[in-house]
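K.L.:
Below: one structure in structure tokens.
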Amino acid sequence: MKVAIVTNPNIEKSSDLSHKMSERFRHEGLEAEVLDIDNLKSGFDFVFAIGGDGTMLKTTRFYSEFDTPVMGVNLGRLGFLSLIKPSDIDKLVEILKEKQYEVQERIMLKGSGLKALNDFVIKGSTCNRTSKFSLFINGNHVYDCIADGLVVSTPTGSTAYGLSAGGPVLSPELNCMVIVPICPHTMTVRPLVIPDDETVTIKSEGMNISADGQQNISDLNEIVIEKTRTKAKMAFPKNEFYSILKNKLYWGVSAISE
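In terms of the working numbering, the sequence shown opens at residue 128 and continues consecutively.
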């Protein structure tokens with residue numbers, strides 16, 4: 128098995144951990160290569176991304192084109208997508224050899240030359256004012272609203288910006304996307320869940336677009352968003368999604384002391 132270990136030089140201890148992992152893998156007879164997050168390449172059977180969720184997003188987007196599964200090792204803050212702890216690296220050889228993981232296929236979105244595993248965030252031309260946004264689905268006008276912006280999210284991204292903006296949590300196994308208004312100046316516009324085979328068009332003057340918070344385009348008047356041809360492959364310890372909600376987002380934990 129040929130394994131890539133992706134390191135993010137902007138994250139402390141990422142480089143040291145990647146070299147420890149590569150030495151361990153080679154000692155166990157696995158072929159391992161360390162790659163910089165900004166210099167990725169294909170040709171691997173499995174990939175580890177060392178860093179936070181941002182590192183995981185960028186790595187997974189790249190390897191989605193090569194049908195290669197990616198597992199995250201968390202050195203960031205929340206680590207919603209990167210579940211392996213640095214203290215668990217001694218278990219990784221066993222996890223690989225015994226296939227103690229499941230590979231989940233996650234839909235991605237594309238629009239205006241950008242690709243997102245989490246979400247597209249669409250905002251107006253000025254950050255200190257609301258803007259008018261027109262939403263169309265499959266060419267049909269849905270609404271016009273005055274808001275700070277809109278989030279178009281995959282199920283994977285439903286626990287990110289969309290959740291903070293009042294959107295629902297979606298199971299990653301669903302084939303859908305969700306459109307969440309950001310601070311709409313109305314009580315009648317609410318998050319909207321639609322099938323992932325539909326096409327979303329948003330119009331507004333001079334929009335600023337962000338994909339996964341990592342790729343940006345400014346001064347657009349229209350963006351068309353739809354799912355990509357390929358899906359991302361993400362590797363996780365088995366049956367983890369709902370335990371992640373509880374452990375990472377404190378899902379169902381009462382604020383009232385018992």
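Just so it is clear, CB atoms sit at the ideal spot from N, CA and C, and this is done for glycine as well.
Grouping DSSP H, G and I as helix and E and B as strand, with all else coil, what is K373?
P.N.:
Helix at K373.
K.L.:
Along the chain, where does the beta strand (DSSP E) containing K185 start, and where does it finish?
P.N.:
It is not in any beta strand (DSSP E) - K185 instead sits in the alpha helix (DSSP H) that spans 180-190.
K.L.:
Going by DSSP, what residue range makes up the alpha helix (DSSP H) through Y228?
P.N.:
Taken as a continuous stretch (DSSP letters only), Y228 belongs to no alpha helix (DSSP H), as it is neither H nor E.
K.L.:
Considering only the alpha carbon of each residue, which of L208, I264, N137, G284 lies closest to G293?
P.N.:
Measuring from the Cα of G293, the nearest candidate turns out to be G284.
K.L.:
Which partner residues of Y270 appear in the DSSP bridge assignment?
P.N.:
Bridge partners of Y270: L262.
K.L.:
So, with DSSP's three-state summary, where would you put E158?
P.N.:
Three-state DSSP puts E158 in a strand.
K.L.:
Hey, how far is the Cα of L372 from the Cα of P282?
P.N.:
Those two C-alpha atoms are separated by around 13 Å.
K.L.:
Measure the Cβ-Cβ separation of I309 and G276 and say whether it is below 8 Å.
P.N.:
Result yes, Cβ atoms of I309 and G276 sit closer than 8 Å.
K.L.:
Compute the Euclidean distance between the alpha carbons of V174 and S298, then round it to the nearest angstrom.
P.N.:
V174 and S298: Cα-Cα distance of roughly 24 Å.
K.L.:
What do you get for P136, buried or exposed, if any count of 16 or more other CB atoms within 10 angstroms of its CB means buried?
P.N.:
By the neighbour-count rule (16 or more Cβ atoms within 10 Å), P136 is not buried but exposed.
K.L.:
Once you ignore the five residues that flank G333 on each side, which residues in its own chain have a CB closer than 6 Å to its CB?
P.N.:
If we look at G333 and ignore the five residues flanking it on each side, its Cβ neighbours are S252, D346.
K.L.:
Looking at C-alpha atoms only, which residue of V248, F368, L219, V133 is the closest neighbour of K237?
P.N.:
Ranking V248, F368, L219, V133 by Cα distance to K237 puts V248 first.
K.L.:
Does G240 pass the burial test, meaning 16 or more other C-beta atoms within 10 Å, or should it be called exposed?
P.N.:
The residue in question, G240, is exposed, as its Cβ has fewer than 16 Cβ neighbours within 10 Å.
K.L.:
With a cut-off of 8 Å on the beta carbons, I'd call T186 and L167 a contact; round off their distance for me.
P.N.:
At roughly 7 Å, the Cβ-Cβ gap stays under 8 Å, so T186 and L167 are in contact.
K.L.:
Compute the Euclidean distance between the alpha carbons of E150 and R233, then round it to the nearest angstrom.
P.N.:
If I take the Cα positions, the gap works out to 31 Å.
K.L.:
Determine the closest residue to A362 out of S258, R317, T328, D172, with distance taken between C-alpha atoms.
P.N.:
Answer by Cα proximity: D172.
K.L.:
Spell out the partners DSSP gives V351 in its beta bridges.
P.N.:
DSSP lists T328 as partners of V351.
K.L.:
My output table needs one value for I164: the three-state DSSP class, helix, strand or coil.
P.N.:
I164 falls in the coil class under three-state DSSP.
K.L.:
Give me the Cα-Cα distance between S337 and I344, rounded to the nearest whole angstrom.
P.N.:
Using only the alpha carbons, I get a separation of about 7 Å.
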